[in-house]
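Chemist: Numbering-wise, the working numbering puts 88 at position 88 of the sequence shown, and it's gapless, one number per residue.
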Amino acid sequence: MRQGVGDTWFGGFARWDAEWYRTIVREGYVYYPEVQSSVAFWPTYPSVVSLFSWAFPSIYITGTFVTVLSGATAVVLLRKWARVFVSREIAITAVILLCVFPYSWYLYGVVYSDALFVATAIGAFYLVERDRYFWAGLVGVLATAGRPAGLVVAVALILRVIERRNAANGASGFRGLFNPRTLTKADAPIFLSWLGVGSWCVFLWVKFGDPLLFAATQASKGWDQGAGPATWLKFRLIEELQHRPFEWSTIGHVAHGLVVFGALALVPMVKRRFGWAYALYCLGMIALPLLGTKDFFGAGRYLLGTFPCIVVAAELLVARPKVRAVFLPLSLAVMLAFAVAFGRGSYIS
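Next comes the structure, spelled out in structure tokens:
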């Protein structure tokens, strides 16, 4: 395979983590203690890129194709999932909101795993709502092997099946809705989703001796996001606010934090509209950047997967047409500005 073909046209999509994915596709996974290593990147996206790489002249172009296809699929599936619960107008507004969200340029061709993760996560939950538990489990395999947030997906899929089963039997209240004894053999296929994260952990264990190596490597120099109070309490961000509050990097980190707390504020609405399982899913997704990053960096794209929050945000906008008329174009303008900056090499995540 020729490398570098198409870089003039596609180079803007292949920034930062894209090089990690290309390395994984070409050479497989490696790990070096206390050094940034490719085991931090989960396998679904590079595996799919590798699967299609025969059809394109470079891995970067293949990655762009996979991301565009995944982003389009995510948009279609979001509308289908939303229509299970809300009106057509709200569903369409949710789709538009997803498309113009300031960090949604990751759905438009960037060689990152986010678009594929969002598509598979929404797809798995949509299939649950359609009682297609076997297919939900299979799609869930891709989601749970796609990102660390796959752990949240794996748990939430099971919780949603339990919740639906108990709600159909007339149960109410948190304990009643999550009584697992009502599960039947017909519900068993949803547990297939655990094969994704399980297979990844087994691979890491067999090859490197540590099934949780993806987490341990986050503490490597340069990433500096090991578990502990410094990460949980955002000591790095506090230091930035004290010493360089008006630098663009600090402003960007604060913006990511605002996205996190904005999503958190929507969780009660998610619970009322869609049920406890989706609220817990959103809480789990939000907890990852809230507790797992030293400065909220990356939260904008990580929270693309909180699709129930996107739909309730759309519901709020539909109830306020004047706000919607201003907010959506403004969000689009910000997204385009971010996309241009990313394409020119700025570290925006």
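Beta carbons: idealized from backbone N, C-alpha and C, even for Gly.
1) To the nearest angstrom, how far is it from the Cα of Ser199 to the Cα of Ala145?
2) As a quick exercise: from Val95, Thr64, Arg88, pick the residue whose alpha carbon is nearest that of Ala74.
3) Measure the alpha-carbon distance for Trp105 versus Val48 and round it to whole angstroms.
4) Below 8 Å, can you find three or more Cβ-Cβ pairs linking the region 17–31 to the region 171–187?
5) In the DSSP assignment, find the alpha helix (DSSP H) that holds Gly34 and state where it starts and stops.
6) Taking the runs of the alpha helix (DSSP H) that are 4 residues or longer, which of them lie wholly in the region 243–308?
7) For Phe52, collect the residues of the same chain with a Cβ closer than 7 Å to its Cβ; drop the 5 residues on either side in sequence, then sort them by chain order.
8) Please report the straight-line C-alpha distance between Arg147 and Trp16, rounded to a whole angstrom.
9) With DSSP run on the structure shown, which of helix, strand or coil describes Ala314?
10) One question on the structure: do Val39 and Leu213 come within less than 8 Å of each other, judged by their Cβ atoms?
11) Exposed or buried, Lys234, counting other C-beta atoms within 10 Å across all chains shown (16 or more means buried)?
12) Using C-beta distances below 7 Å, list every residue in its chain close to Phe10, excluding the 5 sequence neighbours before and after it, in chain order.
13) Can you tell which of Val197, Gly176, Phe134 has the C-alpha that lies nearest to the C-alpha of Leu151?
14) Mapping the DSSP letters down to three states, classify Lys221 as helix, strand or coil.
15) Measure the alpha-carbon distance for Arg164 versus Ile238 and round it to whole angstroms.
16) Taking the alpha carbon of Glu315 as the point to measure from, which residue in Ala219, Phe41, Ala82 has its own alpha carbon closest?
17) Out of Tyr45, Ile286, His253, which one is the CA nearest neighbour of Leu142?
18) Quick check on this structure: which residue in Val318, Ala277, Lys221 has the alpha carbon closest to the alpha carbon of Arg88?
19) If we call anything under 8 Å between Cβ atoms a contact, is Ala119 one with Gly140?
20) Relative to the C-alpha of Val86, which residue among Ile24, Met269, Pro329, Lys207 is closest?
21) Taking buried to mean at least 16 other C-beta atoms within 10 Å of its own C-beta, is Trp194 buried or exposed?
22) Please return the same chain residues whose Cβ sits closer than 7 Å to the Cβ of Val312, not counting the five positions on each side in sequence.
23) From Val370 to Leu330, what distance separates their C-alpha atoms?
24) How far does the alpha helix (DSSP H) with Pro329 in it reach, from first residue to last?
25) Rounding to the nearest angstrom, what Cα-Cα distance links Trp276 and Gly305 in this structure?
26) Straight-line CA distance for Asn179 to Ala167?
27) Just the C-alpha distance for Phe13 and Asn169, rounded to the nearest angstrom, thanks.
28) By DSSP, does Asn166 sit in helix, in strand, or in coil?
29) My assumption, with CB atoms under 8 Å, is that Met335 sits in contact with Phe101. Please give the rounded CB distance.
30) Can you round the beta-carbon distance between Phe338 and Tyr103 to whole angstroms, since I take them to be within the 8 Å contact cut?
31) Check Pro180 in the structure and name its three-state DSSP category.
32) Compare the Cα-Cα distances from Cys99 to each of Val111, Ser113, Arg79 and report the closest residue.
33) Rounded to the nearest angstrom, how far is the Cβ of Ala124 from that of Ala115, given a contact under 8 Å?
34) Out of Val76, Leu138, Ser50, which one is the CA nearest neighbour of Val111?
35) Between which two residues does the alpha helix (DSSP H) carrying Trp135 extend?
Modeler: Considering the structure as presented:
1) 8 Å
2) Val95
3) 20 Å
4) no
5) Looking at the sequence provided, one finds Glu at residue 34 rather than Gly. Taken as a continuous stretch (DSSP letters only), Glu34 belongs to no alpha helix (DSSP H), as it is neither H nor E.
6) 248–274, 276–292, 299–302
7) Thr62, Phe65, Val66
8) 17 Å
9) helix
10) yes
11) buried
12) Tyr60, Ile61, Thr64
13) Val197
14) coil
15) 43 Å
16) Ala82
17) Tyr45
18) Val318
19) no
20) Met269
21) buried
22) Leu266, Met269, Val270, Arg273
23) With the chain covering 1 to 349 only, the question about residue 370 has no answer from this structure.
24) 321–343
25) 17 Å
26) 10 Å
27) 49 Å
28) helix
29) 7 Å
30) 7 Å
31) helix
32) Arg79
33) Not a contact, Cβ separation roughly 15 Å.
34) Ser50
35) 133–144
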